[in-house]
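Here is the structure we will look at.
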Amino acid sequence: MPHVVTVFLRHGGRVLLARRSDAVGTYQDRWAGVSGYVEGDPADAERDARRELAEEVGVREADAELVRAGAPLSVADEGREWTVHPFLFDAGSRDVDTNEELTAVEWAHPTEIREREAVPGLWAAYRRVAPAVETISDDETHGSAWISLRALEVLRDAAAEADSRDALASVARRLRDARPSMAAVENRINRVMSESNSDPKSVRRRAEATIDDAAEADDAAAARAAELVRERGYDRLATLSRSGTVLAALEAAEAAEAAVLVAESRPGGEGVGVAERLARSGRDATLTTDAALPGLVAAGGADAVFLGADSVLASGGVANKVGSLPVALAATRADVSVFAVCARDKVRGDDRFVGEDAGALYDGEAAIATENPLFEVVPADLLSGVVTEDGVLGAEEIGALAAEHAALAAWDD
C-alpha cells in the first residue's frame, strides 16, 4: 500500500488548497493539499512533507513551522488504497511559487473542501490535524491572538459538520470558557454566536468572516505599533512573553533598526523563541531573565516597553504574563513609555481579572503554600497607551468597547 503525505499549509485561518494538473498521475484537476509520495521510512514522513512544500509551492523549512502531524489514515477509492500522513504547518506569508504539478492554488477556509471536487479523504485528513478544544485549553506557548484564531477555527469546523445550533452552542461554551483569562477568545466566540442565526451554515459563515477580520485586526495592530516606533524614534525596545502581535510589530520594517531586549518569560520560556526569531530575521536581540529586565529598563536599557495583552479591562488596565507589572513600574520610574499592543477584541466587557497558576513551584515535604501566577494586571496609570488596529485607545474608547463586548454575551442568556 503506497504511503503519501498531505500537507495543509495555514496562514491566518485559511489553508492552501492546490488544484492538481495533468502532469500528475492521479486525481487530475482535483483539489488537494500539498501532496506527494513518501520516498523513505513512513515513520519519517515529515521529511517528505517538507520536500513537497519546497518542490510544489516553494516554501522552505525556514518559512513554515510544523504545528501538528496527524495519525495516518487509510483511504480507499476505486480499487486503490493509500495510507495518508497528514501534516499542518503555519506559513510565515502567503507567497508561494508553484511547479508544473499544480494548475491553481487558493488560500481558502478548509471547510470549503466539503464543497469542492477534492481528492478522496481530504476532509478526513484535515480533521486529523485541525485544532480541537484541547488545543485552546492546553496551549502554554502561544499568545491569546493566536489561540483565539484557533478557537474560531474549531467552531467553524464544528459548524461544517453540525446538524443543529444546540450542538454548536455546546462547543461554543466550551471554547469560550477554555481560557477565561483571554478576552479575545470570549469576545470572538460570542460575536460569531451573537451575529448568526439557528442554521449551522450561518454559524460557519460568520465564523469564517470573523477569522478573516481577526487576522487582519491583529496584523493592523502590529502595523500601528511599528509605526509608533518609527514616528517616535525608539531604537531600544523591551518586551516579555510571546505576544504574536508584539512580535509582528518588532519584525516589521519600521522597527528593523531597533535593538530589542527580551525577557525569557518563565515558566514556559516563551521569550527564548521570540529572541531567536528576532535574531534570525536580522534584529539586534538580547535575551535576559525576568528578574533582571526591570533593572535593565530602569538603567536605560530601553526607551519603550511593548507588552502583549491577554485582556484589557474595562477600566483600562492590562492583564498580561507575570513580570509585566514590575517592568512597567520600573519603566514609569525611569520615564520610559509602556504600551500594550493588541486587537480591540481583547477589551473585556468588565473589570474581571481571571488568573491562572502555573503550579509545580515546590515539591518538598515542608508545609509550604505556593503561589505561581501566570498573569497579573498592569494598571492603566502605568501605561502610555493601548495600541490597536484603530490606533492608541484612551479610557473613553476602551469603556465604549467594553460595553459593546458585554452585549455580545447575550446569545447565551
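Read in the UniProt record's numbering, the sequence shown has 377 at position 377, and its numbers run on one by one without any break. Using N, Cα and C, we set each Cβ at its ideal position, and we do this for glycine too. Just so you know, these numbers come straight off a predicted model, no measurement behind them.
Rounded to the nearest angstrom, the gap between the Cα atoms of Glu-56 and Glu-376 is 46 Å. Here DSSP, grouped into helix, strand and coil, assigns His-405 to helix. Per DSSP, the continuous beta strand (DSSP E) segment holding Leu-88 begins and ends at 80-91. Contact check for Trp-107 and Arg-14: beta-carbon distance about 4 Å, within the 8 Å limit, so the pair qualifies.
Residues Val-75, Asp-77 of the same chain have their beta carbon placed closer than 6 Å to that of Pro-120, with the five preceding and five following residues left out of the count. Rounded to whole angstroms, the gap between the alpha carbons of Gly-385 and Phe-306 is 10 Å. By the Cβ rule, the segment 3-10 counts as touching the segment 78-88, because three or more pairs are nearer than 8 Å.
Between the C-alpha atoms of Ala-45 and Pro-72 there is a straight-line separation of about 10 Å. Taking all protein chains shown into account, Ser-164 has fewer than 16 neighbouring C-beta atoms within 10 Å of its C-beta and is therefore exposed. Assignment of Glu-106 by DSSP, reduced to helix, strand and coil, places it in the strand class. Proximity to Ala-159 across Val-129, Gly-271, Glu-112, His-142 peaks at Glu-112, based on C-alpha coordinates. Looking at Ala-302, Ala-259, Ala-291, Ala-299, the one whose alpha-carbon comes closest to that of Ala-285 is Ala-259. For Arg-277 against Leu-325, the beta-carbon gap comes to about 25 Å, at or over 8 Å, which does not count as contact.
About 17 Å separates the beta carbons of Ala-151 and Arg-127, which is beyond the 8 Å limit, so they are not a contact pair. Straight across, the Cα-Cα distance linking Ala-183 with Val-312 is about 8 Å. DSSP, reduced to helix, strand and coil, places Val-15 within a strand of the structure shown.
Within the model, the alpha-carbon separation for Tyr-362 versus Ile-368 is close to 8 Å. The Cβ-Cβ distance between Asp-351 and Ala-406 does not fall below 8 Å. One alpha carbon belongs to Arg-173, the other to Pro-131, and they sit about 16 Å apart. Here Ala-132 carries a coil assignment [DSSP, helix/strand/coil]. Contact between Gly-317 and Val-378 holds: CB atoms are separated by about 6 Å, below the 8 Å threshold. Distance from the CA atom of Arg-266 to the CA atom of Tyr-37, rounded to whole angstroms, is 42 Å. Sequence-distant partners of Arg-50 (beyond 5 residues in either direction) whose C-beta falls short of 6 Å from its own C-beta, in its chain, are Glu-61.
In this structure the segment 204-222 does not touch the segment 393-412; the number of beta carbon pairs closer than 8 Å is below three. By DSSP's assignment, His-3 forms a beta bridge with Thr-83.
The alpha-carbon separation between Arg-156 and Val-274 amounts to approximately 30 Å. For Ser-241, there is no enclosing beta strand (DSSP E), as DSSP marks it with neither H nor E.
Looking at Gly-143, Leu-228, Asp-310, the one whose alpha-carbon comes closest to that of Arg-242 is Gly-143. With fewer than 16 neighbouring CB atoms inside 10 Å of its own CB, Ser-198 falls in the exposed class. In terms of Cβ geometry, Arg-179 and Ile-147 form a close pair [threshold 8 Å]. If one requires a minimum length of 4 residues, the alpha helix (DSSP H) runs lying completely within the segment 133-172 are 133-138, 144-161, in chain order. In the DSSP annotation of this structure, the continuous segment of the beta strand (DSSP E) that includes Asn-320 starts and ends at 318-321. With a cut-off of 8 Å on Cβ pairs, the segment 336-345 is not in contact with the segment 279-295, counting fewer than three such pairs.
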